[in-house]
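First comes the structure, then the notes that go with it.
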Amino acid sequence: MQAARGASLSPSDHTSSPSKGLWSLFAAVALAGYLADQATKAWALAALEDRSVPVIGDWFTLRLVFNPGAAFSTGTEYTIVFTGLSMVATAVVLVISRRIGSRLWAFGLGALLAGVVGNLTDRLLRDPEPFRGHVIDFLSFGSFPVFNLADVCINVAAGVIIVQSLRGIALDGTRPDDEPTQPAGEGR
Numbered sequence: 798m799q800a801a802r803g804a805s806l807s808p809s810d811h812t813s814s815p816s817k818g819l820w821s822l823f824a825a826v827a828l829a830g831y832l833a834d835q836a837t838k839a840w841a842l843a844a845l846e847d848r849s850v851p852v853i854g855d856w857f858t859l860r861l862v863f864n865p866g867a868a869f870s871t872g873t874e875y876t877i878v879f880t881g882l883s884m885v886a887t888a889v890v891l892v893i894s895r896r897i898g899s900r901l902w903a904f905g906l907g908a909l910l911a912g913v914v915g916n917l918t919d920r921l922l923r924d925p926e927p928f929r930g931h932v933i934d935f936l937s938f939g940s941f942p943v944f945n946l947a948d949v950c951i952n953v954a955a956g957v958i959i960v961q962s963l964r965g966i967a968l969d970g971t972r973p974d975d976e977p978t979q980p981a982g983e984g985r
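The structure is reproduced here in structure tokens:
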């Protein structure tokens, strides 16, 4: 059912695919995040090869690290597993992106896709070999693990998912207590 100017009146109309604007936002965030991640990794490879650059004393430095594992370089022997999980995560995000019903969800899932694909690209294409490549990390805060912009995107996405969950806003933009005739709002 639709109201004037094509606005949906039933939640089922919003579960099949997002509006063109929401999916465009999702795609733009994903592409911008991915390109920024890859560009900064290329810069780090060229500029930080044999040195560490203090930005704010020892608290924040730029130093190049090749990470075969996860955070804190854990699971270094499972690089191929991380590659497989990243491929699955990419597919899942793309599938569920078809149900986006709010701007915040579009932004969060776009950031998640950027981060997952950014690190997946390293695992697929970087040395030592395809599917076992090491992720390029270069942002270092004290004793915290060294990370990259893809990791930042993933953490921003996690924050958005938490906020939306606490607000009770489903992926399709509805709340469980919404009346069935209320449209899913793009403004949430």
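Take the sequence shown: its position 47, counting from 1, is numbered 844 in my numbering, and each next residue is one higher.
Where a beta carbon is used, it is the ideal one built from N, C-alpha and C, also for glycine.
Beyond the five residues adjoining it in sequence on each side, Leu861 comes within less than 6 Å, by CB distance, of Ala841, Leu845, Phe935 in the same chain, given in chain order. The beta carbons of Ala911 and Leu822 sit no closer together than 8 Å. Taken through DSSP and simplified to helix, strand or coil, Leu859 comes out as strand. Between Arg923 and Gly930, the beta carbon gap of about 3 Å places them in contact (Cβ cut-off 8 Å). The Cβ atoms of Leu946 and Ala833 lie closer than 8 Å to each other. Sequence-distant Cβ neighbours of Val949 in its own chain, meaning closer than 6 Å and more than five residues away, do not exist here.
Pairing Ile966 with Ser894 gives a Cβ-Cβ distance that is not under 8 Å.
With at least 16 other beta carbons inside 10 angstroms of its own, Thr918 counts as buried.
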